[in-house]
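Reading through the structure tokens given below for one structure.
Numbering (the numbering used here), first residue to last: 311 to 651.
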């Protein structure tokens, strides 16, 4: 038994040896064929070419994977959802969505990622590094895919088309969001009130209704907003900018949706109909006000006397009555402007 044990130990030791060293970087390898593959990372040699498109690769196994792009073969299927992949490594990454595994953690903030490349890109948030420059305008990006998307602003390329309506988009995520218009899918519910949204950014903005957070203050007057787009619209009050002009009468508006509503004055369009009585309106907010006639809802209470109103404008008129009454009482107390009978 001792003799056998003595024979196994050197065998294991030889297995762990990496005698084939790279002359460029000193990295060791167990076999000369593996060293040969590695050296191509230094020389840039790509001896394996695709007969379909001519694209070249440094390793034959990578060419085998690539050729599946042309054949459509996807031999690696997910046992959870059936989605198929051309590479086993892609399947492995995908399966982490099901398992929740995030093996790559940021040493700065401990945030976990399913892929090493995502961690590399994330760490630039902490370092501020933006190594990908747009050759057109010089804008810098921390992620190469963001730079590729940005360049379509210059080229006008919109390679992602909606199969329902044909509308084209510059990136796949925008198309994915748009398609929810057709499907009605709203996969992002608010944990507070259950209201669902088609876009995660819309949910984030909505949640500020519950938290009261208003992180976008106006530098002119200090008024704060929960959404950056609302701040942008508000600032036009200070600048006087009205970038949306009516082609019919030339009237300018600070918002595109306000122009759209105004345009119906010219067209006579009234697309918002009351389901109770059929009365039609050019603006959805006017329909909502009208529906309170049927429901009896009066959501605007007077803080002075508690009297309730169906619309805010009627409350404001009512409050002016309190102000006049208070001014009259004040005049009576001082004897100023008080008429004698």
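Where a beta carbon is used, it is the ideal one built from N, C-alpha and C, also for glycine. Predicted model, so just to flag it, every value in this text is computed and none were measured.
### Query
Where DSSP assigns a beta bridge to residue 330, which residues make up the other side?
339
### Proximity below 8 angstroms, CB of residue 594 to CB of residue 579
no
### Query
Using CA coordinates, which residue listed in 640, 611 and 447 is at the minimum distance from residue 627?
Closest option to residue 627, Cα to Cα, is 611.
### Query
Applying the criterion that 16 or more other CB atoms from any shown protein chain within 10 Å of the CB defines a buried residue, is residue 625 buried or exposed?
Buried is the call here.
### Query
How should residue 395 be labelled, buried or exposed, when 16 other C-beta atoms within 10 angstroms of its C-beta is the threshold for buried?
Buried.
### Query
With a Cβ-Cβ cutoff of 8 angstroms, do residue 416 and residue 433 count as a contact?
Residue 433 is positioned such that its CB atom lies closer than 8 angstroms to that of residue 416.
### Query
DSSP three-state call for residue 618: helix, strand or coil?
strand
### Task
Within the same chain, show all residues whose beta-carbon is closer than 8 angstroms to that of residue 491, passing over the 5 residues directly before and after it, in chain order.
508
### Task
Count the other C-beta atoms from every protein chain shown that fall within 10 angstroms of the C-beta of residue 407, then say buried if there are 16 or more, exposed otherwise.
exposed
### Task
Can you tell me the Cβ-Cβ gap for residue 468 and residue 480, rounded? I've got them flagged as a contact below 8 angstroms.
5 angstroms
### Message
Can you look up residue 583 in the DSSP assignment and give me helix, strand or coil?
### Response
Looking at residue 583 - three-state DSSP - the assignment turns out to be strand.
### Query
Between 566, 420, 544 and 517, which lies nearest to residue 527 when the distance is taken from Cα to Cα?
544
### Task
Would you mind stating whether residue 277 and residue 373 have Cβ atoms separated by less than 8 angstroms?
Nothing can be reported for residue 277: it is not among the residues displayed for the chain, which extend from 311 to 651.
### Helix, strand or coil at residue 550 according to DSSP, with G and I counted as helix
coil
### Message
Can you tell me where the alpha helix (DSSP H) holding residue 571 begins and where it ends?
### Response
566-577
### Message
Rounded to the nearest angstrom, what separates residue 349 and residue 332 at their Cα positions?
### Response
7 angstroms
#### Entry: residue 583 versus residue 463: straight-line alpha-carbon distance, rounded
39 angstroms
### Task
Please classify residue 359: does DSSP put it in a helix, a strand, or coil?
strand
### Message
Can you give me the C-alpha to C-alpha distance between residue 465 and residue 456, rounded to a whole angstrom?
### Response
15 angstroms
### Message
In whole angstroms, give me the CA-to-CA distance for residue 496 and residue 454.
### Response
Roughly 30 angstroms separates the two Cα atoms.
### Task
Would you please state the rounded distance, in angstroms, between the beta carbons of residue 513 and residue 500? I believe it to be under 8 angstroms.
6 angstroms
### Query
How many angstroms separate the CA atom of residue 532 from the CA atom of residue 614?
Distance between the alpha carbons of residue 532 and residue 614: 28 angstroms.
### Query
Hey, how far is the Cα of residue 644 from the Cα of residue 630?
Annotation note: pLDDT 49 at residue 644 (below 50); position unreliable, coordinate value reported separately. Approximately 21 angstroms, taken between the alpha carbons.
### Backbone CA spacing between residue 435 and residue 425 [nearest angstrom]
16 angstroms
### Task
Give me the Cα-Cα distance between residue 368 and residue 458, rounded to the nearest whole angstrom.
24 angstroms
### Task
List the DSSP bridge partners of residue 555.
562
### Query
To the nearest angstrom, how far is it from the Cα of residue 404 to the Cα of residue 422?
15 angstroms
### Minimum C-alpha distance to residue 444 - residue among 567, 564 and 452
452
### Task
Note down the Cα distance separating residue 571 from residue 470, rounded to an integer number of angstroms.
30 angstroms
### Bridge partner(s) assigned by DSSP for residue 611
Note: residue 611 sits in a beta bridge opposite 618.
### Task
Return the CA-CA distance between residue 587 and residue 581, expressed in angstroms with no decimal places.
14 angstroms
#### Entry: Residue interval of the alpha helix (DSSP H) (run including residue 378)
370-381
### Task
Could you give the DSSP three-state label for residue 637: helix, strand or coil?
helix
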